[in-house]
Amino acid sequence: MAGRFFPAALMARRNLTRTKMRSLLASLGIVIGVVAIASLGMFGVALQYSFTQNLGNVGNQLTVYPNSGENITELTERDMRTIRREASPTATVSPVKTRVEPVSYNREDAVRETIYGIENPGELYEAKEGRVSPFRSGALVGSSVAETHDLHPGSQITINGTSVRIRAVLEEGDAFSSTNPDNRVIVPATSFSQSGYSEAYVIESTGTQANETAMGIRDSLNDREQRVFVQELGSLVDTIEEQFQIINTVLAGIASISLLVAGISILNVMLMSTVERREEIGVLRAVGYQKRDVLKVMLMEATLLGFLGGIAGVILSLGAGLAINHYAVGDAMAVFRLPNAWYVGAAFAFGVLTSIVSGLYPAWKAASEEPVDALRG
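Here's what the structure looks like:
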């Protein structure tokens, strides 16, 4: 078998080198198709990775709200005890109070802001400047608030006519997290007169545990009436990832059209080669070559076109992937992630398969011709 295979490959290579420009143009179509599929696939992966990076580590977070539709305006201490009971022992449970009051920064005109009251903000946040704990007085501000109004630890703001000193500027939070402090002003919960809570944050160790906790809270608090809503940020992340997978599939499908065009180009090249080499094929048949031998040579030509075009396309795709990941996520080496390898491998395999399929008819046509008719031609 090996003795038959390698002569066919050598003959196919010789035939392709006899028409170098035509073979190069046909192979170029495969190169473009492979690069299109792999590059668009890697672009989709880089876009998804960049977006999920901005989402941050929010898959393990829950937010519990009172159901205002049932005239429930706050979470009670009893509700908080239930939430803590349903959460795992390692979870962080932070009840939050809110109110809207006029706030003045640096003696500017007062604007109405939502003020957050948290008992122990050190469980949720870290300080960019100053100290978060202990927190019995003063205020904490998010990084965006501090940047906008040029605030630092020791600066003073006015909340509802009362001067309050800034204790710390908080580190930036995850953009889609409900606990994100960037635009918030936080004061001690003891400064609120209300006894109930506006919401509660639950942070579990894993997304799976967060899902179990969410189901437990719903079963316990919404048994007779729907007292609370539980927002699972993990489900948001899963939904976004599913949408990106659809986008990636559509992009790959669009790019595959270029490979279909390349297949037509190879079909044309192989048909022209069959017509031009009709007498040569007749001679081969006359000296003892069987149909399968001619078929093997012609298919080997198509396979070589696809293989060489695919290799060149993979090399160019990796270069494009390095550039895409460098500018999209700031890490060129991210091109070597597993999803990218799948797109590159699939593009290469699709390119070779397209070449083989495109060469089937010309190969069959050449192998099926009678030796006498070929020689007469």
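For the sequence shown, full-length UniProt numbering assigns the number 1 to the initial residue and increments by one for each residue that follows. No residue lacks a Cβ here, since even glycine has one placed at the ideal position from N, Cα and C. Predicted, not measured: the structure shown is a model, and the values here were computed from it.
Residue 204, DSSP secondary structure in three states: coil
To the nearest whole angstrom, what separates the beta carbons of residue 210 and residue 67, a pair I think is in contact under 8 angstroms? In fact, because the Cβ distance is near 20 angstroms, the residues do not count as touching under 8 angstroms.
Starting from residue 144, follow the alpha helix (DSSP H) in both directions and report where the run begins and ends. 143–149
Identify which residue in 137, 41 and 179 has its Cα closest to the Cα of residue 346. 41
Do residue 121 and residue 132 have their C-beta atoms closer together than 7 angstroms? Yes, the Cβ-Cβ distance between residue 121 and residue 132 is below 7 angstroms.
Which of the three DSSP states, helix, strand or coil, is assigned to residue 64? strand
Check whether the Cβ atoms of residue 116 and residue 329 sit closer than 7 angstroms, and answer yes or no. no
Span separating the alpha-carbon of residue 389 from that of residue 10: The structure shown does not extend to residue 389, since the chain is modelled only from 1 through 377, so no value can be given for it.
Do the stretch 85–100 and the stretch 142–155 meet, that is, are 3 or more Cβ pairs less than 8 angstroms apart? No: fewer than three Cβ pairs fall under 8 angstroms.
When the distance is taken between beta carbons, is residue 14 closer than 7 angstroms to residue 269? no
What is the residue span of the alpha helix (DSSP H) that residue 301 lies within? 291–328
Determine the direct distance from the alpha carbon of residue 362 to that of residue 298, and round the result to whole angstroms. 8 angstroms
Taking all protein chains shown into account, do 16 or more other C-beta atoms lie within 10 angstroms of the C-beta of residue 260, making it buried, or fewer, making it exposed? Classification for residue 260: exposed.
If you run the structure through DSSP and keep just helix, strand and coil, what is residue 176? coil
Starting from the C-beta of residue 218, find all residues in its chain whose C-beta is less than 8 angstroms away, skip the five residues before and the five after it, and write them out in chain order. Cβ neighbours of residue 218 beyond the five flanking positions: 228 and 230.
Taking residue 75 and residue 197 to be in contact with their CB atoms under 8 angstroms, please state how far apart those CB atoms are, rounded to whole angstroms. 4 angstroms
Give every residue of the same chain whose Cβ lies closer than 7 angstroms to the Cβ of residue 168, excluding the five residues on either side of it in the sequence, and list them in chain order. Sequence-distant Cβ neighbours of residue 168 in its own chain, meaning closer than 7 angstroms and more than five residues away, are 127, 129, 130, 131, 132, 140 and 153.
Run of the alpha helix (DSSP H) containing residue 83, from where it starts to where it stops: 77–86
Taking the continuous beta strand (DSSP E) assigned at residue 162, which residues delimit it? 162–170
Between the Cα of residue 353 and the Cα atoms of 30, 81 and 163, which residue gives the shortest distance? 30
According to the Cβ coordinates, are residue 37 and residue 256 closer than 7 angstroms? yes
Buried versus exposed call for residue 336 [16 or more other C-beta atoms within 10 Å across all chains shown]: exposed
Inter-residue spacing [alpha-carbon to alpha-carbon] between residue 263 and residue 300: Note on geometry: alpha-carbon atoms of residue 263 and residue 300 lie some 15 angstroms from one another.
Kindly give me the distance between the Cβ atoms of residue 112 and residue 101, rounded to whole angstroms, as I take these residues to be in contact under 8 angstroms. 7 angstroms
Does the distance from the CB of residue 83 to the CB of residue 200 come in under 7 angstroms? yes
In this structure, does DSSP put residue 45 in helix, strand or coil? helix
Please state whether the Cβ-Cβ distance between residue 188 and residue 135 is less than 7 angstroms. yes
Span of the beta strand (DSSP E), counted from its first residue to its last, around residue 337: It is not in any beta strand (DSSP E) - residue 337 carries neither H nor E in the DSSP assignment.
Using the Cα positions of residue 338 and residue 79, report the straight-line distance between them to the nearest angstrom. 45 angstroms
DSSP state of residue 1 mapped onto helix, strand, coil: Because the pLDDT of residue 1 is 43, which lies under 50, any placement of that residue in the model is unreliable, and the question is left without a value.
Could you tell me if residue 378 is buried or exposed, where buried requires 16 or more neighbouring beta carbons within 10 angstroms of its beta carbon? Past the edges of the chain, shown from 1 to 377, lies residue 378, and the structure says nothing about it.
Beta-carbon proximity check, residue 253 vs residue 310, cutoff 7 angstroms: Taking 7 angstroms as the Cβ cut-off, residue 253 and residue 310 do not qualify as a contacting pair.
Identify the residues that DSSP records as bridge partners of residue 113: which are they? 101
How far does the beta strand (DSSP E) with residue 230 in it extend, from its first residue to its last? Per DSSP, residue 230 is one residue of the beta strand (DSSP E) stretching across 228–232.
Judging by CA-CA distance, which residue of 158, 87 and 212 is the nearest neighbour of residue 107? Looking from the CA of residue 107, the closest CA among 158, 87 and 212 belongs to 158.
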